[in-house]
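Just so you know, the protein sequences line up as chains A and B, in that order. Its first residue numbered 0, the first sequence is counted upward by one per residue in numbering that gives the first Met the number 0. Its first residue numbered 0, the second sequence is counted upward by one per residue in numbering that gives the first Met the number 0.
Protein chains: 2
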Amino acid sequence: MLPSKVQQLVQLLARLPGVGDKTAQRFALFLAASEMDTARALGDALHAMADGIGSCARCGHIAEVSGPDTPPCCDICGDNKRDSTRLCVVARIQDLLSIERSNAFRGHYFVLGRLLSPLEGVGAEELPVDALKLRIDGADPPVTEVLIATPPSVDGEATALLIAQELAPLDVQVSRLASGVPHGGDLEFADPITISRAIAGRRGMD
Amino acid sequence: MLPSKVQQLVQLLARLPGVGDKTAQRFALFLAASEMDTARALGDALHAMADGIGSCARCGHIAEVSGPDTPPCCDICGDNKRDSTRLCVVARIQDLLSIERSNAFRGHYFVLGRLLSPLEGVGAEELPVDALKLRIDGADPPVTEVLIATPPSVDGEATALLIAQELAPLDVQVSRLASGVPHGGDLEFADPITISRAIAGRRGMD
Numbered sequence: 000m001l002p003s004k005v006q007q008l009v010q011l012l013a014r015l016p017g018v019g020d021k022t023a024q025r026f027a028l029f030l031a032a033s034e035m036d037t038a039r040a041l042g043d044a045l046h047a048m049a050d051g052i053g054s055c056a057r058c059g060h061i062a063e064v065s066g067p068d069t070p071p072c073c074d075i076c077g078d079n080k081r082d083s084t085r086l087c088v089v090a091r092i093q094d095l096l097s098i099e100r101s102n103a104f105r106g107h108y109f110v111l112g113r114l115l116s117p118l119e120g121v122g123a124e125e126l127p128v129d130a131l132k133l134r135i136d137g138a139d140p141p142v143t144e145v146l147i148a149t150p151p152s153v154d155g156e157a158t159a160l161l162i163a164q165e166l167a168p169l170d171v172q173v174s175r176l177a178s179g180v181p182h183g184g185d186l187e188f189a190d191p192i193t194i195s196r197a198i199a200g201r202r203g204m205d
Numbered sequence: 000m001l002p003s004k005v006q007q008l009v010q011l012l013a014r015l016p017g018v019g020d021k022t023a024q025r026f027a028l029f030l031a032a033s034e035m036d037t038a039r040a041l042g043d044a045l046h047a048m049a050d051g052i053g054s055c056a057r058c059g060h061i062a063e064v065s066g067p068d069t070p071p072c073c074d075i076c077g078d079n080k081r082d083s084t085r086l087c088v089v090a091r092i093q094d095l096l097s098i099e100r101s102n103a104f105r106g107h108y109f110v111l112g113r114l115l116s117p118l119e120g121v122g123a124e125e126l127p128v129d130a131l132k133l134r135i136d137g138a139d140p141p142v143t144e145v146l147i148a149t150p151p152s153v154d155g156e157a158t159a160l161l162i163a164q165e166l167a168p169l170d171v172q173v174s175r176l177a178s179g180v181p182h183g184g185d186l187e188f189a190d191p192i193t194i195s196r197a198i199a200g201r202r203g204m205d
């Protein structure tokens, strides 16, 4: 019922996370029904990003590409005011941004890009553990602490355990993000695992 | 925290209906983190649509542009097997597609593009009522029935009333989509207005 050019757009929009065929059709019809300027601007922005943005060669965060021969370097890796002795390992760029918003960590990052997931067929060999070891080995000044900030889910915990094991031979302190009742959260509605983690991770009040 | 090229993309994605800044950032990070092929393909598809798709000159539905001098004509207006004596007036292209899926109407359409909406500042002069009258006046074979299929909301009802008044001098029968309890719906959970409409619109069981 729709021209093929609109259908192709719908299929591509449906690849976006959380977008099904209905929502993709809604997006495409919105773009087709408004002035085509929005569609063109969005097309240009996508091409500009595809050509001008890459992965930071050091940490995997989003970085601007400065030239064909220069490996991309993100703002965080390029910021020499940050504490280079601390490295935070995150699963996704979104998690990095979330930690940055908290202003509680001023070190550097390492983005895994994925978590161990037996159900989705992601095994240990698909995690960039060797790249992480190289990053720590080659660091100057040396990295003294690695904070594993994978999410407190089954996959996130498994990934944290694997990384902790892999980093054990290295001369770094490995820590893990605390898990417990969130700020503003209600004990009444917290699930039993969160409660038991909050109890297991209790801290002395000095 | 994100490069300007990614931020520009986020701003444009946030114009999509139902997409806020957070979702737009999620879309942009998804596209930036996957191979750039998806971003490029989406950019190409948007340009292809912007260049190759327009509004049907007769009904306002989406239509392929065949040349710079030919007014676009959609599949429905171009289909001479359809009943040209019936015209269905809809608010949006989505509504047209929904009616097409029902297979219950084989006439032609007229897409208003918007509804009367005092709250959003859309007055009668912004509705294409003159274009609708021209469409009916100039039709050959003549249009004998106009089915107003705007939604049964406050704005939709106001628009239907306005159009019915405007079409009164013309020699056409004006009808309105029935409103009542939907198929599979439960009387227990139907709202009072739906119930009262279903009663007011009751039909004899001959």
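Where is the CB? At the ideal position from N, CA and C, for every residue including glycine. The model shown is predicted, which means the values in this text are computed figures rather than measured ones.
N-terminal and C-terminal residue of the beta strand (DSSP E) that residue i is part of
i: V89 of chain B; result: 85-89
i: A62 of chain A; result: 61-63
i: I147 of chain A; result: 144-147
i: S174 of chain B; result: 172-175
Residue-chain proximity (residue i, chain A), Cβ-Cβ < 8 Å
i: L86 of chain B; result: no
i: F26 of chain B; result: yes
i: L30 of chain B; result: yes
i: G106 of chain B; result: no
i: I52 of chain B; result: yes
i: L160 of chain B; result: no
i: A23 of chain B; result: no
i: A130 of chain B; result: no
i: Q93 of chain B; result: yes
i: A197 of chain B; result: no
i: A207 of chain B; result: No answer is possible for residue 207 of chain B: it lies beyond the span of chain B, which begins at 0 and ends at 205.
Spatially closest choice to residue i from the options, by CA coordinates
i: D82 of chain A; options: A:P67, A:H107, A:S101, A:A90; result: A:H107
i: H182 of chain B; options: B:A197, B:L111, B:G203, B:P16; result: B:A197
i: A130 of chain B; options: B:G120, B:V88, B:S97; result: B:V88
i: N102 of chain B; options: B:A56, B:P127, B:I75, B:G120; result: B:I75
i: P16 of chain B; options: A:Q24, A:R14, A:R201; result: A:Q24
i: A32 of chain A; options: B:Q164, B:G112, B:T22; result: B:G112
i: V171 of chain A; options: A:E156, A:D78, A:A138, A:L8; result: A:A138
i: C73 of chain B; options: B:K80, B:L45, B:C58; result: B:C58
i: R91 of chain B; options: A:D78, A:L30, A:D20; result: A:L30
i: P206 of chain A; options: A:D136, A:I192, A:E187, A:A177; result: Lying before the first or after the last residue shown, residue 206 of chain A is absent from chain A, which here runs from 0 to 205.
i: D78 of chain A; options: A:G122, A:G66, A:R105; result: A:R105
i: E144 of chain A; options: A:R14, A:S174, A:T69; result: A:S174
i: L115 of chain A; options: A:V142, A:T69, A:V153, A:F188; result: A:V153
i: D94 of chain B; options: A:L28, A:E187, A:D43, A:A189; result: A:L28
Chain-ordered neighbours of residue i on chain A, where CB pairs are closer than 8 Å
i: T37 of chain B; result: L11, R14
i: A138 of chain B; result: Those within 8 Å of A138 of chain B in chain A number zero; the least Cβ separation is about 23 Å.
Chain B contact for residue i (CB, 8 Å cutoff)
i: V5 of chain A; result: yes
i: P2 of chain A; result: yes
i: I98 of chain A; result: no
i: E63 of chain A; result: yes
i: I192 of chain A; result: no
i: L8 of chain A; result: yes
i: A148 of chain A; result: no
i: A167 of chain A; result: no
i: A49 of chain A; result: yes
Under 7 Å by beta carbon: chain A residues contacting residue i
i: H46 of chain B; result: R39, G42
i: A189 of chain B; result: Going along chain A, no residue has its Cβ under 7 Å from A189 of chain B, so there is no contact; the nearest lies around 24 Å.
Contact list for residue i against chain A, beta-carbon separation under 9 Å
i: A56 of chain B; result: Those do not exist, as A56 of chain B stays about 15 Å from chain A at its closest Cβ, beyond 9 Å.
i: L90 of chain B; result: Position check: residue 90 of chain B holds Ala in this sequence, whereas Leu was assumed. Neighbours of A90 of chain B on chain A: none; closest Cβ ~11 Å, over 9 Å.
i: A103 of chain B; result: Going along chain A, no residue has its Cβ under 9 Å from A103 of chain B, so there is no contact; the nearest lies around 15 Å.
Residue i CB to nearest heavy atom of the ligand ATP below 7 Å
i: G106 of chain A; result: By its list of ligands, the structure shown contains no ligand whatsoever, and the ligand ATP lies outside what it can speak to.
Where the alpha helix (DSSP H) through residue i begins and ends
i: H46 of chain A; result: 35-51
i: F109 of chain A; result: F109 of chain A -> not in any alpha helix (DSSP H); beta strand (DSSP E) instead, spanning 107-110.
i: S195 of chain A; result: 191-199
i: V121 of chain B; result: Per DSSP, V121 of chain B belongs to no alpha helix (DSSP H) and is neither H nor E.
i: S97 of chain B; result: 92-101
i: K80 of chain B; result: Run containing K80 of chain B: none; DSSP gives neither H nor E here.
i: E255 of chain A; result: Residue 255 of chain A lies beyond the stretch modelled for chain A, which goes from 0 to 205, so this question has no answer here.
i: D20 of chain A; result: 20-32
Chain B contact residues for residue i, given Cβ-Cβ distances below 7 Å
i: A177 of chain A; result: None at all; the shortest Cβ gap to chain B is about 23 Å.
Contacts of residue i in chain B (Cβ-Cβ under 9 Å)
i: L126 of chain A; result: None at all; the shortest Cβ gap to chain B is about 15 Å.
Short CB-CB distance (under 8 Å) between residue i and chain E
i: R91 of chain A; result: No chain E is present in this structure, whose protein chains are A and B.
- Are at least three pairs of beta-carbons, each pair with one atom in the stretch 147-157 of chain B and one in the stretch 87-103 of chain B, less than 8 Å apart? yes
- Any 3 or more C-beta pairs closer than 8 Å across the stretch 58-69 of chain A and the stretch 25-44 of chain A: no
- Do the stretch 1-11 of chain B and the stretch 46-56 of chain A make contact, defined as three or more Cβ pairs closer than 8 Å? yes
- Would you call the stretch 114-127 of chain A and the stretch 156-163 of chain A touching, i.e. three or more CB-CB distances under 8 Å? yes
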